[in-house]
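**Student:** Those protein sequences? They're chains F and P, same order as listed. Going from the first sequence to this note's numbering is simple: count from 1 and add 23. Going from the second sequence to this note's numbering is simple: count from 1 and add 464.
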Amino acid sequence: MTTASKQAPLLQVEDLTVQFPTPDGLITVVDRVSFTLDANRVLCIVGESGSGKSVTALSLVGLVQSRGGRISAGSVRFAGEELVGRAEKSLNTVRGRDIGFIFQEPMSSLNPAFTVGDQIAEVVRRHRKASRRHAWARAVEMLDRVGIASAAQRAKDYPHHFSGGMRQRVMIALALACDPKLLIADEPTTALDVTIQARTLELLKTLQREQDMGVLFITHDLGVVADIADDVVVMYASQVVEQAPVRELFRRPQHPYTAGLLAAMPQSALENNTPLVGIPGVVPQPHRLPSGCRFHPRCAHAQPGRCTTDPIQLRLLDRGLVRCVRAEELRDPSAAQAEPAPIEGVTAQ
Amino acid sequence: MTSRPELQAEVLQPTGTLPDEVEAPANASTFLRRFRRNKVGVIALGVLVFLILVAVFAPWISPHEPNQGELSRALEGPSGEYWFGTDDLGRDVLSRLIHASRVSLLAAALATGVALLIGLPLGLISGYFGGWIDNVIMRFNDALMSFPALILAVVIVGLLGPSLTNAMLAIGIVYAPRIMRVVRGSALSVREEVYVLSAKATGCGAPRIIGRHVLPNILSPLVVQTTIMLGLAILSEAGLSFLGLGVQPPTASWGSILGRAFPYMSRTPTTVIVAGVTISVAVLAFNLLGDAFRDSLGRERRDQ
Chain F
24 MTTASKQAPL
34 LQVEDLTVQF
44 PTPDGLITVV
54 DRVSFTLDAN
64 RVLCIVGESG
74 SGKSVTALSL
84 VGLVQSRGGR
94 ISAGSVRFAG
104 EELVGRAEKS
114 LNTVRGRDIG
124 FIFQEPMSSL
134 NPAFTVGDQI
144 AEVVRRHRKA
154 SRRHAWARAV
164 EMLDRVGIAS
174 AAQRAKDYPH
184 HFSGGMRQRV
194 MIALALACDP
204 KLLIADEPTT
214 ALDVTIQART
224 LELLKTLQRE
234 QDMGVLFITH
244 DLGVVADIAD
254 DVVVMYASQV
264 VEQAPVRELF
274 RRPQHPYTAG
284 LLAAMPQSAL
294 ENNTPLVGIP
304 GVVPQPHRLP
314 SGCRFHPRCA
324 HAQPGRCTTD
334 PIQLRLLDRG
344 LVRCVRAEEL
354 RDPSAAQAEP
364 APIEGVTAQ
Chain P
465 MTSRPELQAE
475 VLQPTGTLPD
485 EVEAPANAST
495 FLRRFRRNKV
505 GVIALGVLVF
515 LILVAVFAPW
525 ISPHEPNQGE
535 LSRALEGPSG
545 EYWFGTDDLG
555 RDVLSRLIHA
565 SRVSLLAAAL
575 ATGVALLIGL
585 PLGLISGYFG
595 GWIDNVIMRF
605 NDALMSFPAL
615 ILAVVIVGLL
625 GPSLTNAMLA
635 IGIVYAPRIM
645 RVVRGSALSV
655 REEVYVLSAK
665 ATGCGAPRII
675 GRHVLPNILS
685 PLVVQTTIML
695 GLAILSEAGL
705 SFLGLGVQPP
715 TASWGSILGR
725 AFPYMSRTPT
735 TVIVAGVTIS
745 VAVLAFNLLG
755 DAFRDSLGRE
765 RRDQ
């Protein structure tokens, strides 16, 4: 490995823009998203459903095309090498070997026609040019590492013999079978029970530390973020609205949307003895975005004129990035508390 | 009131199956279990096994030489010596039927093989890649399907010259679109499955995804369609041979025996009846077996 690529961050995403053709024309689902992930770090992308976080994850390894989207601008550099615009063949050598991927649905992301051992061994054989026996041994080893009891036996079982949590462990084993440097996990715990969820997270954290992997973790659950993240990117309506180290973000959210998400966590409401407050309204549809700040129709602090006309730029503030013109003013503790938004204050435009 | 405790006991009985086991695809053992319960299917399979055994052991079980007859004993009715009578050249109908089962079954397999060879790869490509490739293949498919099958087969045989191989080639080409449709439709739904995306995320190329992830998961509808197609092919072969476009004399197939006996129907109706019944039974057995496969493989229909 050259010194240049050693200095390059593990994953550097710049101005990534993803569009989908629809009957109403092209819609932009990921809008100039940038972030950087270093080796051995965990970056969480947080947002509500429809904020573009899963599409961001898929487009990093060129998978968004098979869901009908296309990357129209921006760059994704993995260890200094550009991935956007690469041929499928060359991407296929990176996928699975250097970059592992875990999906949200553990029930449907394994092929029902083959045993789980077969499926893991297949990946190992392709990327490592390993023999059948070595690949199988590796599959069993991986199943053992993700905590599946009597792995040698269970490797011969079919996916439907496993429960949801166990299947997600199999998926983790599959994704990590070739010791990838980067793991992209798209809501890997969302479909699981809370207890299983906690154990799966614990497993991911352990494996991340052991293998010095960079992990890009997509979730909508701030509890998970607090548990696992080093850095956090908050997405809203296809854009990054805030980016900060996890402590900063939880201690002092700069964007009203982030503050709103934090206030909507049952835990924080319990600890601070404040009422549980939801954010009124829903994420706007990509083809019907409001003018100005995309969050302003739902924001309790929106000011007519300043927030509602011109697009807001992402800017540096303290140790993070924020996309809000009033961020400094709102730091005043009385305003920073996301007070329940009075209904008439929600200025629909 | 007396029935109440029983009712409760029934409700409280642990079923022993997890929800995700219920939706699991039929594997080999559940398939066998379900298939064995299907009486019609088992009988159909029995009939087919019998026909295949007859075909395999034809030279040993047929009482007479199929292609040699005594002209003096032409067009006789059933008797102790000739169970199903003789044809217009005095040949034993039973022996000819037994030997014809070889020709008919082999011809059906050949035609279905050709249909699979054409329809399966094109259907997979069409369904998996979609887009313009799909459009081109499917329009060609529509054009082929808009012809009446037997007429098209007659045209193809007319072009290639009458012989059994050509007839079967023609039938295979004519029925390939049916296979293609089934394969394409199934591939279309399988390609949206998360495990296909997941395979892509592990670096699988398109040929590997099609071969390893799509094909094994469309096998059940394919098996059903193939079984039913074997029946159809027997029927088509019989039709073409009846018209003299299939098997060439002196070799006989069920269809050519029927065709040959047809002018003498008033004198020896047995031959026509026996040949017709044989064809019907074979076709029916293949169709019923296909239905039984579909029911036992699950996912297709749940109205039992």
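Even for Gly, the Cβ is constructed at its ideal location relative to N, Cα and C. Note that the structure is predicted; figures quoted are calculated from it, not measured.
Which residue spans inside the region 201–285 of chain F form an unbroken alpha helix (DSSP H) run of at least 4?
**Tutor:** 217–234, 245–251 and 269–274
**Student:** Rank F/L66, F/L106, F/Q191 and F/R148 by C-alpha distance to the C-alpha of F/F126 and give the top, closest one.
**Tutor:** Looking from the CA of F/F126, the closest CA among F/L66, F/L106, F/Q191 and F/R148 belongs to F/Q191.
**Student:** Is the shortest distance between the beta-carbon of P/T481 and the beta-carbons of chain F less than 8 Å?
**Tutor:** Here the model assigns P/T481 a pLDDT of 41, short of 50, so the residue's position is not dependable and the matter cannot be decided.
**Student:** Step through the CB atoms of chain P and report whether any lies within less than 8 Å of the CB of F/P135.
**Tutor:** yes
**Student:** Determine the chain F residues that contact P/Y592 at a beta-carbon separation under 8 Å, and present them in chain order.
**Tutor:** None at all; the shortest Cβ gap to chain F is about 10 Å.
**Student:** Nearest CA to the CA of P/A613: which residue from P/A572, P/S590 and P/A697?
**Tutor:** P/A697
**Student:** Let me check one thing: in DSSP terms, what residues is F/Q42 bridge-paired to?
**Tutor:** F/T51 and F/R93
**Student:** Applying a beta-carbon distance threshold of less than 7 Å, which residues of chain P neighbour F/R149?
**Tutor:** G667
**Student:** Residue ranges of each alpha helix (DSSP H) run of no fewer than 4 residues wholly in the region 711–736 of chain P, ordered along the chain?
**Tutor:** 718–725
**Student:** Roughly how far, in whole angstroms, is the beta-carbon of F/D54 from the beta-carbon of F/S261, given that I think they are within contact range, below 8 Å?
**Tutor:** 4 Å
**Student:** When the Cα of P/A631 is compared with those of P/S700, P/W596 and P/L517, which residue comes out closest?
**Tutor:** P/S700
**Student:** By Cβ distance, which residues of its chain are closer than 7 Å to P/A488, with the 5 residues on each side in sequence left out?
**Tutor:** A caution first: P/A488 carries a pLDDT of 44, below 50, which makes its placement in the model unreliable, though a value can still be read off. Counting only Cβ-Cβ distances below 7 Å, and skipping sequence neighbours, we find nothing.
**Student:** Mind checking who F/L340 pairs with in its DSSP beta bridge?
**Tutor:** F/G343
**Student:** Hey, would you say P/S717 sits closer than 8 Å to P/A571, going by beta carbons?
**Tutor:** yes
**Student:** Give the residues from the region 679–707 of chain P that approach chain F closer than 7 Å (Cβ to any Cβ), ordered along the chain.
**Tutor:** P680 and N681
**Student:** Beta-carbon within less than 7 Å of F/R354's beta-carbon, same chain only, minus the 5 sequence neighbours each way: which residues are those?
**Tutor:** Closer than 7 Å at the Cβ level, and outside the excluded window around F/R354, lies no residue.
**Student:** Got a sec, what are the start and stop residues for the beta strand (DSSP E) F/F124 sits in?
**Tutor:** I122 to I125
**Student:** Is there a Cβ from chain F that is less than 8 Å from the Cβ of P/K664?
**Tutor:** yes
**Student:** With a Cβ-Cβ cutoff of 8 Å, do F/V65 and F/I251 count as a contact?
**Tutor:** yes
**Student:** Does any residue of chain P have a CB that is nearer than 8 Å to the CB of F/E128?
**Tutor:** yes
**Student:** Answer with yes or no whether the minimum CB distance from P/H677 to chain F is below 8 Å.
**Tutor:** yes
**Student:** Please check the pair F/V107 and F/I122, which I expect to be a contact at CB under 8 Å, by giving their CB distance rounded to whole angstroms.
**Tutor:** Going by Cβ atoms, the distance from F/V107 to F/I122 rounds to 14 Å, so no, they are not a contact pair.
**Student:** Within 8 Å of any Cβ in chain F, is that where the Cβ of P/A473 sits?
**Tutor:** Here P/A473 scores only 41 on pLDDT, less than 50, and its place in the model should not be relied on; the value that follows carries that caveat. P/A473 does not count as touching chain F.
**Student:** Please list, in chain order, all residues of the same chain as F/V87 whose beta carbon is under 8 Å from its beta carbon, the five residues on each side excluded.
**Tutor:** Excluding sequence positions up to five before and after F/V87, its CB lies within less than 8 Å of the CB of V41, V78, L81, R93 and I94, all in the same chain and listed in chain order.
**Student:** Please report the straight-line C-alpha distance between P/E529 and F/S131, rounded to a whole angstrom.
**Tutor:** 60 Å
**Student:** Do you know how far the Cα of P/V638 is from the Cα of P/D759?
**Tutor:** 27 Å
**Student:** Between the C-alpha atoms of P/W547 and F/P182, what's the straight-line distance to the nearest angstrom?
**Tutor:** 57 Å
**Student:** Are the C-beta of F/K152 and some C-beta of chain P separated by less than 8 Å?
**Tutor:** no
**Student:** What are the boundary residues of the beta strand (DSSP E) that F/I107 is part of?
**Tutor:** Note that residue 107 of chain F is Val in the sequence shown here, rather than Ile. Looking at the DSSP string, F/V107 is not in any beta strand (DSSP E), and its letter there is neither H nor E.
**Student:** Quick one: what does DSSP say P/D556 is sitting in, helix, strand or coil?
**Tutor:** strand
**Student:** Is the Cβ of P/V658 closer than 8 Å to any Cβ of chain F?
**Tutor:** yes
**Student:** Between F/K112 and chain P, is any beta-carbon pair separated by less than 8 Å?
**Tutor:** yes
**Student:** Give the secondary structure of F/E164 by DSSP, where H, G and I count as helix, E and B as strand, and everything else as coil.
**Tutor:** Here F/E164 sits in helix by DSSP.
**Student:** Taking 8 Å as the cut-off, decide whether the C-beta atoms of P/A756 and P/V520 are in contact.
**Tutor:** no
**Student:** From F/Q142 to F/T223, what distance separates their C-alpha atoms?
**Tutor:** 20 Å
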